[in-house]
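Q: My structure is below; once you've seen it, I'll send some questions.
Structural data, given as structure tokens:
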């Protein structure tokens, strides 16, 4: 049996400074520091890091220098910035190599992407976001910032909604509560999430327009491993009139592929 | 397996204990490379070179933070997907062209040649970046965006020659349809291209791009996949003889390929700081 994260932590603010229960030590802080980097923040300076993590500059600089000495960060550019380095890649690749779901999903994602010219994403939950584990881009199209390690908002992405829908009722309700509380947009988003849940009840997938940038639409479906859902399979099409294609042509195939991936996983377990 | 990261740490006395905790935690995470197999505390202690009680504390901490999964059946740990949130996307977003540009220019000047970085696109090689030597009076009519036919460029040949059998058969079948002329040129030479790439990792082409020019190419592996790019150089045969290619230019090009691959993190362990 694999111990998964405590459901209590579901939906908790990712910022450790707001989480007095967590043991805040330099290891956790060092890893929080690495989490600050993403496709939009490829390079950060020590003062920015210190203020984002609520640390003194001296502490932030010490953590940065340790991460540099271990090849997790390196100096970038002329302005004293730092960027993630090869150890982050090596570690991430180890995760992917060791994941049966990636091995099972990859060829099916590729086939789906080529057949319908759609982006195909495999994602899982990481704290309050959906984390892209694998992403396939149709030949000749640009990545749109989606790649392994990218993170999407859970309540306003098709992937996140399909994930939440597939969770046990108490956790699902808890998430819905946190959605309606988090900002002024909450009420509207809550009703969107509920509509997505209804669509998932009826069809097994949910549709969402422009989840990442404008001109993109996605459909997502959970991948069942027994009764549990850890991963979601999503297809995204780019262009002004792609809704019909996604709903009518891609959706049945997406469902079929998600079932096949689940089947392959069951067979290899 | 990565070299023991702990061995590279400065003396403990020079560092505060806080920093040591982080370094040790990172060493434990890296002990799961390269394939993230289940590992017990005892195994981790051996791989990371740390006392077992220290390892147990760290694995408990990392599990609590969601970076490790624990299997009670195996009494062992492995990395969780959350590790992918640790800088992976930013680190993988290294643009090969940006990294390659200054290195290609230096290479062009050193060897007095034109250097081209290209990637396969359907039936041709598309030039992503071109660098000419300052000393060259004559340059090839190639710039970024130019397309070279597969059969007529050393880069296309290196790319075809570096593929596995099944992949090559598919690529050649497509080429036969899209560009019969290129295919007919390549068709009879495939065996020798494969042998050349296997034996020397580079491919020489004489007079194929433009009459009177010689070229040589290697392929560049990226984290996205093997032979994603080809790197080639060419010059008039009067200044770039096959003998000069084999003695100095090709070995230099292979070094440039290795440097680029290391920069991209394709072989993360090869990079030392």
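Chains as they are written, first to last, in the working numbering: chain A, 4 to 272; chain B, 42 to 314. The beta-carbon is built from N, C-alpha and C at its ideal position, and this holds for glycine as well.
(1) Would you mind reading off the limits of the beta strand (DSSP E) that contains residue 157 (chain A)?
(2) What's the C-alpha gap between residue 48 (chain B) and residue 200 (chain A)?
(3) Flag residue 40 (chain A) as yes if its beta-carbon sits less than 8 angstroms from any beta-carbon of chain B, otherwise no.
(4) Counting pairs of Cβ atoms below 8 angstroms between the segment 257–276 of chain B and the segment 214–223 of chain B, do you hit three or more?
(5) If you count every other CB in all the chains shown that lies within 10 Å of the CB of residue 44 (chain A), and 16 or more means buried, which is it?
(6) Could you check whether the Cβ of residue 147 (chain B) sits closer than 7 angstroms to any heavy atom belonging to the ligand ADP?
(7) Looking at chain A, which residues of the segment 89–102 of chain B have a Cβ within less than 8 angstroms of any of its Cβ atoms?
(8) From the DSSP output, in three-state form, read off residue 84 (chain A) for me.
(9) Would you report the Cα separation of residue 38 (chain A) and residue 154 (chain A), rounded to the nearest angstrom?
(10) Quick check on residue 27 (chain A) - is its C-beta less than 8 angstroms from some C-beta in chain B?
(11) Can you check whether the C-beta of residue 234 (chain B) is within less than 8 angstroms of a C-beta belonging to chain A?
(12) Is residue 92 (chain B) helix, strand or coil when you go by DSSP?
(13) If you draw a straight line from the alpha carbon of residue 51 (chain A) to that of residue 40 (chain A), how long is it in whole angstroms?
(14) Among B:303, B:85 and B:192, whose alpha-carbon lies nearest the alpha-carbon of residue 247 (chain B)?
(15) Would DSSP call residue 27 (chain A) helix, strand or coil?
(16) In angstroms with no decimal places, state the Cα-to-Cα distance between residue 188 (chain B) and residue 47 (chain A).
(17) For the pair the segment 102–115 of chain A and the segment 79–89 of chain A, tell me if three or more CB-CB distances fall below 8 angstroms.
(18) Strictly below 7 angstroms CB to CB, what residues from chain A border residue 73 (chain B)?
(19) Can you give me the start and stop residues for the beta strand (DSSP E) that residue 210 (chain A) sits inside?
(20) Return the chain-ordered list of same chain residues with a C-beta closer than 6 angstroms to the C-beta of residue 141 (chain A), the five sequence neighbours on each side being excluded.
(21) Does chain B have any CB closer than 8 angstroms to the CB of residue 151 (chain A)?
(22) Would you call the CB atoms of residue 77 (chain B) and residue 97 (chain A) closer than 8 angstroms?
(23) For chain B, check one thing: does any of its Cβ atoms lie closer than 8 angstroms to the Cβ of residue 61 (chain A)?
(24) Specify the secondary structure class of residue 263 (chain B) as computed by DSSP and reduced to three states.
(25) In this structure, does DSSP put residue 120 (chain B) in helix, strand or coil?
(26) Using three-state DSSP, classify residue 222 (chain A) as helix, strand or coil.
(27) Would you be able to state if there are at least three C-beta pairs under 8 angstroms between the segment 282–298 of chain B and the segment 227–234 of chain B?
(28) Between B:271, B:284, B:269 and B:256, which lies nearest to residue 277 (chain B) when the distance is taken from Cα to Cα?
(29) Cα-Cα, which of B:204, B:300 and B:119 is closest to residue 161 (chain B)?
(30) Suppose you measure from the CA of residue 116 (chain B) to the CA of residue 84 (chain A); what does that come to, to the nearest Å?
(31) Taking the alpha carbon of residue 305 (chain B) as the point to measure from, which residue in B:274, B:270 and B:293 has its own alpha carbon closest?
(32) Considering residue 167 (chain B), what are the terminal residues of the beta strand (DSSP E) in which it resides?
(33) Name, in chain order, the residues that DSSP records as bridge partners for residue 243 (chain A).
(34) From residue 72 (chain A) to residue 149 (chain A), what does the alpha carbon distance come to, in whole angstroms?
(35) Quick one: residues in its chain with C-beta nearer than 7 angstroms to the C-beta of residue 141 (chain B), no 5 flanking neighbours on either side, listed in chain order?
(36) Going by DSSP in three states, residue 137 (chain A) sits in which element: helix, strand or coil?
A: The relevant details are as follows:
(1) Run containing residue 157 (chain A): none; DSSP gives neither H nor E here.
(2) Model confidence at residue 48 (chain B) stands at a pLDDT of 42, short of 50, so the residue's coordinates are unreliable and nothing is read from them.
(3) Chain B contact via Cβ: present.
(4) In short, these stretches do not touch, since the Cβ pair count stays below three.
(5) Burial call: exposed.
(6) Looking at this structure, you won't find the ligand ADP or any other ligand, since it has none at all.
(7) Flagged, chain order: 99 and 102.
(8) Residue 84 (chain A) falls in the strand class under three-state DSSP.
(9) Roughly 10 angstroms between the two C-alpha positions.
(10) Its pLDDT being 49, under 50, residue 27 (chain A) is placed unreliably by the model, and nothing is read from it.
(11) No, residue 234 (chain B) lies away from the interface with chain A (no Cβ there is under 8 angstroms from its Cβ).
(12) In the three-state scheme derived from DSSP, where H, G and I count as helix and E and B as strand, residue 92 (chain B) is classed as coil.
(13) Per the coordinates, the alpha-carbon of residue 51 (chain A) lies some 11 angstroms from the alpha-carbon of residue 40 (chain A).
(14) Checked all of B:303, B:85 and B:192; the closest Cα to residue 247 (chain B) is B:192.
(15) Note that residue 27 (chain A) scores 49 on pLDDT, short of 50, meaning its location in the model is unreliable and no value can be drawn from it.
(16) Going by the C-alpha atoms only, they are around 38 angstroms apart.
(17) Contact fails: fewer than three Cβ-Cβ distances are below 8 angstroms.
(18) What residue 73 (chain B) touches in chain A: 97.
(19) Element bounds for residue 210 (chain A): 209–212.
(20) Taking residue 141 (chain A) as the centre and dropping the five residues before and after it, the same chain places the C-beta of 116 and 120 closer than 6 angstroms to its C-beta, in chain order.
(21) Yes, residue 151 (chain A) lies at the interface with chain B (some Cβ there is under 8 angstroms from its Cβ).
(22) Cβ atoms of residue 77 (chain B) and residue 97 (chain A): closer than 8 angstroms.
(23) For residue 61 (chain A), the answer is no, since every Cβ of chain B falls outside 8 angstroms of its Cβ.
(24) Strand at residue 263 (chain B).
(25) It is a strand residue.
(26) Strand at residue 222 (chain A).
(27) No, the segment 227–234 of chain B does not touch the segment 282–298 of chain B.
(28) Comparing Cα-Cα distances from residue 277 (chain B) to each of B:271, B:284, B:269 and B:256, the minimum goes to B:256.
(29) It is B:204 whose Cα lies nearest to the Cα of residue 161 (chain B).
(30) In this structure, the alpha-carbon of residue 116 (chain B) lies about 41 angstroms from that of residue 84 (chain A).
(31) When only C-alpha atoms are compared, the closest one is B:270.
(32) First-last of the beta strand (DSSP E) with residue 167 (chain B): 165–173.
(33) Residue pairing from DSSP leaves residue 243 (chain A) without any beta-bridge partner.
(34) Straight through space, the alpha carbons of residue 149 (chain A) and residue 72 (chain A) are spaced by roughly 29 angstroms.
(35) So the list reads 158, 170 and 301, once near-sequence residues are dropped.
(36) Strand.
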